[in-house]
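Numbered by our numbering, the letters in the sequence shown go through residues 28 to 311 in order.
Idealized CB from N, CA, C, for every residue including glycine.
See structure below.
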Amino acid sequence: MQEKYGGKKVGRVVFVSGFKGGVGKTTVSANLAATLHALGNRVLVIDGDFGMRCMDMVLGMENETLFDCSDILAGRCAPTAAVTEVRDMTDFSFIPAPMNYSGENIPASAYARLISELRPDYDFIIIDSCAEMTEYYLAFAAQADEAVIVTLHQSTSVRAAEKTAARLSAMGIKKLSLVVNGYRESFAEKGRLPSIADIINRSSVRLLGVVPYSEKLQASQEAAELAFSGNLRKKATAPEGAFYNMALRLCGQRIRLFDGADQLKRRGSYKGIVKPQRIKREEL
Numbered sequence: 028m029q030e031k032y033g034g035k036k037v038g039r040v041v042f043v044s045g046f047k048g049g050v051g052k053t054t055v056s057a058n059l060a061a062t063l064h065a066l067g068n069r070v071l072v073i074d075g076d077f078g079m080r081c082m083d084m085v086l087g088m089e090n091e092t093l094f095d096c097s098d099i100l101a102g103r104c105a106p107t108a109a110v111t112e113v114r115d116m117t118d119f120s121f122i123p124a125p126m127n128y129s130g131e132n133i134p135a136s137a138y139a140r141l142i143s144e145l146r147p148d149y150d151f152i153i154i155d156s157c158a159e160m161t162e163y164y165l166a167f168a169a170q171a172d173e174a175v176i177v178t179l180h181q182s183t184s185v186r187a188a189e190k191t192a193a194r195l196s197a198m199g200i201k202k203l204s205l206v207v208n209g210y211r212e213s214f215a216e217k218g219r220l221p222s223i224a225d226i227i228n229r230s231s232v233r234l235l236g237v238v239p240y241s242e243k244l245q246a247s248q249e250a251a252e253l254a255f256s257g258n259l260r261k262k263a264t265a266p267e268g269a270f271y272n273m274a275l276r277l278c279g280q281r282i283r284l285f286d287g288a289d290q291l292k293r294r295g296s297y298k299g300i301v302k303p304q305r306i307k308r309e310e311l
């Protein structure tokens, strides 16, 4: 889903962020990207967490790449040399973060040039950010069209999401949305954890989606199995349904958060197994 910049159609840059570590930014980035691709979009994932480098493991691409993002930024290779197809999936690509990074005084203009060169080739560029406001965090954020803030279903994490939203808004990112990861409905009903309404009110950010707590999702991540990765079942898992609805909302569909998420059928092979549902209802 491309937008026009200077009369040209280019991809949307989505910056996935959160100032609290361990909230699932990489999980959300990878599975949202996989679902957008399953909907027929050309997607690039950039691991912006320099020095940590976890996205390659989640995508099942560990030891599959030669160059990393810092090589492009420092001019050691062309962008195309570091872009790798995710498991040979056409139109689903990945640029890894450097494993070790102590800072190379790379100017912000290098990040701008990187994104500018890659935009025309993709519908979505998903940047998985680090949890700290480093120079590369700021440089990547400056290139974003919008930001998705990830929080766990707990009060301390929601507080960090509030802070993240305020900082990104101050940087000029106007389109912000929130993903609640690891949501435990039974705990919310008993008042042990905040409700969705409480989270929305506290964060003051539009809710993009809610990923229910799932041990299967954790196991799938350990096995590098992405949402809609082609392992056919009669019904999608609850997390897959959540990512599906989030992807539709990113694509401009007006759909309630949980509409049909528990009844989503999986058909065919990886790409194109799900179709956008033309549901015109008020958002949550």
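Put simply, of E216, E252, D225, V207 the residue whose alpha carbon is nearest the alpha carbon of P239 is V207.
Under the DSSP definition of a beta bridge, T111 partners with F121.
Straight through space, the alpha carbons of S231 and A65 are spaced by roughly 31 Å. By the C-beta density criterion, A269 is buried, having at least 16 other C-beta atoms within 10 angstroms. Segment contact: the region 77–91 against the region 104–113, three or more CB-CB distances shorter than 8 Å; contact assigned. Counting only the Cα atoms, A215 lies some 19 Å from L235. Shown here for L195: same chain residues with a beta carbon closer than 7 Å to its own, the five before and five after excluded, namely S44, A168, A174, L203 in chain order. With a cutoff of 7 Å on beta-carbon distance, E267 and A250 are scored as not near each other. Buried is the label assigned to N272, since at least 16 other Cβ atoms lie within 10 Å of its Cβ.
Leaving aside the five residues that flank E144 on each side, the residues in its chain whose CB is nearer than 6 Å to its CB run, in chain order, P106. For secondary structure counted as the beta strand (DSSP E) over 3 or more consecutive residues, the region 186–226 holds these complete runs in sequence order: 203–210.
Residue state for R39 is assigned as strand, using DSSP reduced to three classes. Between I133 and L100, the gap from beta carbon to beta carbon is short of 7 Å. Under the DSSP definition of a beta bridge, F270 lacks any partner.
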